[in-house]
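Enquirer:
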Amino acid sequence: MISYTKEGAKKNALVFILFIAPAFILFTLFVVTPVFQGAYYSLFNWKGAGPLDKEKFLGLDNFIKLFHDKYFLTAISNNIKIVIYSLCFQLPVAFIFALLIGRKSFTGSILFRSLYFFPYVLTEIIGGVIWKFIYNPQFGLLTQFSKFFTDAKNEIALLGNPDTAFGAIFLVIFWKYIGFHMILYIAGLQGVPRELEDAAVIDGANGMQVIWNVILPSMRNVITISVFLSVIGSFNVFDIVWAMGQGGPVHSTETLVTYLYNFGYKRFAFGYGSAVAIVIFFVCLVFNLLYQKFIVGDKDK
Amino acid sequence: MSKVIKCLLSLMMLLVSLTFVSAKGQEEAVENGPVQVEWWALSGGGGAQDPSTEYKKEIVAAYEASHPDVKINLTILENEAFKQKIQVAIQAGTPPDIFHSWGGGVMVEYAKQGMLRDVTDFVNNTLSKKIGLGALGVYGYDGTYYGSPYDMGGVVFWYNKDIFDAAGVTVPTTWDQMLNAVDKIKNAGYTPIALGAGDKWPAHFWWVYLAMRIGGIEAFNAAYGGSGSFKDETFVKAGELLLELAAKEPFQTGFLGSSYDDQARLVGDGTAAMELMGQWGPSVEANNSTSGNGVANLGMFTFPAVSGGKGDVNDVMGGGNGYVFGKDAPDEALDFLNFFLDKDRQIKQIAIEGIIPVVKGAEAGLEGNSAKLAQAVSKAGYYQLYYDQFLPPAVGEVVKDAVAALLAGEATPEEAAAMVDESWQMEK
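Chains A and B supply the protein sequences, listed in that same order. Note that our numbering numbers the first sequence so that position 100 is 85, with each residue one more than the last. Note that our numbering numbers the second sequence so that position 427 is 461, with each residue one more than the last.
Given below as structure tokens:
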């Protein structure tokens, strides 16, 4: 029994501490501590083992080097591109799919839902490997298709060309996560009261007006979550890019996390890698704080 | 109220004591049971019934039968997966007792971190009696040995004789003949050269070999020793010659994104005429080919000479496969490796993995292309370990990046050489 009197408060404190303790200890041990450790390592020229002595201390050199590296700038701009493309193409298309197949059940609506959702069930690596086969310039589906229609030895090598590789990989990201956002929107649509729509239609609103003025505002919460997950996910993309070309060719499809792996882990440059990790951490943290303050917090008003 | 706390506290106590019990149980098992030896080896890429894995299991069974007090725990890993997993183990300070290594700079890095066991006495007293010091040297640094190779070969051209015949091409002995051969093979409708530049290391072989033929051992020693640099003419010229070849578009479409497996498949299926690859080339070609057997008429030739080059045409770039010992490896691990490095077992491995054996007497088991390759290696006056293994890991990665950028047209030969030199100056 928890008592709410002043005398009870002291007794309760112990209970609260006991309840919070497991989560607090685990969170500190596996989330907070590593962040500070990483920040500390990022100031050194450290190769992953051995003591962090004074000769290895670099100050902020790792960060300076980072922002002068053209491949790091490619990585950051690729992440930003993924965010923008996701928000401008992936989420709107997912919304349209949700409107088309999520509102009424018709023959095949379950089939379409399953088909669009299926890629999300696959792990990223499997998805990446499947598409690597599809894109294979010698025997891949895409090349076979083009050979069938153009009747020439027309091999398409999207992943082998630094100019097209990123687009080809984004297409896979699009394919992979669209089902997830669609399901979120379908769930959100079910919470939109029919009466509101009917009322709008009686008042003479056309389809677009109903969507824009009734459905979208009612789905605000779902859209907020979907945008948030999409942006955070975009900054952490790794598996698909890795499976399809390890950030190549010539680092053209590098993202922040693959950059960390290629330039920190593979080169035994753990100090430098930690600096990359700290940058990723701050990007996500700043976005999170801004989003919480201006978008999520806003809804209470 | 207090009941709740008592319950929680006793639950926590119980959990804590359980942990102690189980930890203690593990220790006891190690003290009383057989000595455990962790062995991490690479897979031969042959799928579920990988012959090289099956053979390693046989060896383990044979050793355990005669040594009941030793238990060998074999872990088979695919190449890239191994590189990642070993990195984590080294970071955690718990390297396995015996693990795969290509020697060179990466091994030296592990040794500097104190993660390898010094086995100099074992190498001097036992292994050097049956394995040449040249091969063992790849697994040593500054007079200290950390392990031993079981395979030591070279990178050569593997070519499809039928395609060469169809295109009317003979084996090129100079770089100019190579360029001509590429034209003729292309005109005959084949892909002249398969290259998995997406994995980067297959492409860096080309640049290193060209540098060896142009500048010889002197150029490398000058750059490595500090009297010259990787920006020297030799390394720039190597880039220029490689671009000269690339301008003829001799590689398969999309080679910048292709993996080494793609490269092996193209040769194994008879689509591409040749590849520049190590002693394992033919067996990987066979494993990746549609038929499972590779091409019928496979030949080999060594890297052609470059006109005006100072390098000896007999010099070989290559490397081996071998094992090193983790810092806590028991003596039983050393004994097992000695058992593994046996003449008859090496001869069996020739057939199974296509190795070039290192144990004296086992070379009698070589035939055909492998025998030719072993001969080429033994004739080499200057034997260069692959740069990506010989140089420190950070520099090795830059060499591979530089060559990929060169082939993609994103770096000039001067820029590529400068990239390598800059990272070498920082790391040496």
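Even for Gly, the Cβ is constructed at its ideal location relative to N, Cα and C. Fair warning: this is a prediction, and the values are worked out from it, not measured in the lab.
#1: Considering only their Cβ atoms, is the gap separating S162 of chain B from Y173 of chain B smaller than 8 Å?
#2: Residues bridged to Q459 of chain B by DSSP?
#3: At a CB-CB cut-off below 9 Å, which residues of chain B make contact with G164 of chain A?
#4: Check E239 of chain A in the structure and name its three-state DSSP category.
#5: Give the straight-line distance between the Cα atoms of R98 of chain A and G127 of chain B, rounded to the nearest whole angstrom.
#6: Have a look at F42 of chain A and P36 of chain A and give me their C-alpha separation to the nearest angstrom.
#7: For A8 of chain A, count neighbouring C-beta atoms within 10 Å of its own C-beta (all shown protein chains included) and say buried if the count is 16 or more, exposed if not.
#8: Residues bridged to W192 of chain B by DSSP?
#9: Just to confirm the assignment: which complete alpha helix (DSSP H) runs, minimum length 4, are found wholly within the segment 95 to 127 of chain B?
#10: Would you mind working out which of B:G166, B:D103, B:W74 sits nearest A464 of chain B, comparing C-alpha positions?
#11: How about E140 of chain A: is its C-beta nearer than 8 Å to some C-beta of chain B?
#12: Mark G443 of chain B as exposed unless 16 or more other C-beta atoms lie within 10 angstroms of its C-beta, in which case mark it buried.
#13: In angstroms, rounded to a whole number, what distance separates the CA positions of Y246 of chain A and A438 of chain B?
#14: Under 8 Å, with one C-beta from each stretch per pair, do the segment 209 to 228 of chain A and the segment 71 to 83 of chain A reach the 3-pair mark?
#15: Tell me, please, whether the segment 138 to 146 of chain A touches the segment 185 to 203 of chain A by the rule of three or more beta-carbon pairs shorter than 8 Å.
#16: Would you check if the distance between the CB atom of I265 of chain A and the CB atom of V242 of chain A is smaller than 8 Å?
#17: 8 Å is my cut-off, CB to CB: does L111 of chain B come that close to chain A?
#18: Would you verify that the beta carbon of G33 of chain A is, or is not, closer than 8 Å to some beta carbon of chain B?
#19: Checking 8 Å against the spacing of the C-beta atoms, do G256 of chain A and S27 of chain A come in under that value?
#20: Return the first residue and the last residue of the alpha helix (DSSP H) that W116 of chain A is part of.
#21: Can you grab the Cα-Cα spacing for the pair P236 of chain B / V433 of chain B, in whole Å?
#22: Pick out whichever of B:D266, B:A298, B:G399 has its Cα sitting closest to the Cα of A451 of chain B.
#23: Could you name the residues of chain B that N191 of chain A contacts, counting a contact when the two beta carbons are closer than 9 Å?
#24: Can you list, in chain order, the residues of its chain whose CB lies under 6 Å from that of W136 of chain B, leaving out five sequence neighbours each side?
#25: Listing by chain order, which chain B residues have their CB less than 8 Å from the CB of N146 of chain A?
#26: Rounded to the nearest angstrom, how far is the Cβ of G455 of chain B from that of F264 of chain B, given a contact under 8 Å?
#27: Within 10 angstroms of its Cβ, does P178 of chain A collect 16 or more other Cβ (buried), or is it exposed?
#28: Below 8 Å between beta carbons: does that hold for V358 of chain B and L76 of chain B?
#29: Kindly list the residues whose CB is nearer than 7 Å to the CB of A463 of chain B, restricted to its own chain and excluding five residues on each side of it in sequence; keep chain order.
#30: By the three-class DSSP mapping on this structure, what secondary structure does P427 of chain B have?
#31: Going straight from the alpha carbon of N121 of chain A to that of T13 of chain A, what length do you get?
#32: So, with DSSP's three-state summary, where would you put S261 of chain B?
#33: What does DSSP give as the partner residues of L150 of chain B in its beta bridges?
#34: How is A63 of chain B classed by DSSP in three states: helix, strand or coil?
#35: Inspect the beta-carbon positions of G230 of chain A and G232 of chain B and report whether they are closer than 8 Å.
Expert: Taking the structure as given:
#1: The Cβ-Cβ distance between Y173 of chain B and S162 of chain B does not fall below 8 Å.
#2: Q459 of chain B is not bridged to any residue.
#3: Here the premise fails: no neighbours, minimum Cβ distance about 27 Å.
#4: Three-state DSSP puts E239 of chain A in coil, outside helix and strand.
#5: Going from the Cα of R98 of chain A to the Cα of G127 of chain B covers about 48 Å.
#6: If I take the Cα positions, the gap works out to 11 Å.
#7: Burial call: exposed.
#8: Answer by DSSP bridge pairing, in chain order: B:E309, B:M334.
#9: List check, alpha helix (DSSP H) in window: 113 to 126.
#10: In the structure as shown, chain B begins at 35 and stops at 462. Residue 464 of chain B is therefore absent and cannot be evaluated.
#11: Under the Cβ distance rule, E140 of chain A counts among the residues neighbouring chain B, one pair being separated by less than 8 Å.
#12: Exposed: under 16 other Cβ atoms inside 10 Å.
#13: Taken atom to atom, the span from the alpha-carbon of Y246 of chain A to that of A438 of chain B is near 18 Å.
#14: At 8 Å Cβ cutoff, the stretches touch.
#15: No: fewer than three Cβ pairs fall under 8 Å.
#16: I265 of chain A is a Cβ neighbour of V242 of chain A, given a cutoff of 8 Å.
#17: Using a Cβ-Cβ cut-off of 8 Å, L111 of chain B does not count as an interface residue toward chain A, since no Cβ of chain A sits closer than that to its own.
#18: At least one CB of chain B lies nearer than 8 Å to the CB of G33 of chain A.
#19: G256 of chain A places its beta carbon less than 8 Å from that of S27 of chain A.
#20: Note, W116 of chain A: alpha helix (DSSP H), 109 to 120.
#21: In this structure, the CA atom of P236 of chain B is about 12 Å from the CA atom of V433 of chain B.
#22: Nearest option by C-alpha distance: B:D266.
#23: Result: empty, since nearest Cβ-Cβ is about 48 Å, beyond 9 Å.
#24: Once the five neighbours on either side are set aside, the close Cβ partners of W136 of chain B are G353, Q423.
#25: The contacting residues are G288, L290, G291.
#26: Position check: residue 455 of chain B holds Asp in this sequence, whereas Gly was assumed. Between D455 of chain B and F264 of chain B a beta carbon distance of about 4 Å is seen, short of the 8 Å cut, so the two are scored as contacting.
#27: With fewer than 16 other Cβ atoms inside 10 Å of its own Cβ, P178 of chain A counts as exposed.
#28: No, the pair does not count as a contact, with Cβ atoms beyond the cut-off.
#29: Lying before the first or after the last residue shown, residue 463 of chain B is absent from chain B, which here runs from 35 to 462.
#30: P427 of chain B falls in the helix class under three-state DSSP.
#31: Taking the CA atoms as reference points, N121 of chain A sits about 45 Å from T13 of chain A.
#32: Coil, per DSSP.
#33: Answer by DSSP bridge pairing, in chain order: B:G360.
#34: Per-residue confidence for A63 of chain B stands at a pLDDT of 46, beneath the threshold of 50, marking its modelled position as unreliable; the derived number appears in the next sentence. Secondary structure of A63 of chain B (DSSP, three-state): helix.
#35: Judged by beta-carbon spacing, G232 of chain B lies within the 8 Å limit of G230 of chain A, meaning their Cβ atoms are closer than that value.
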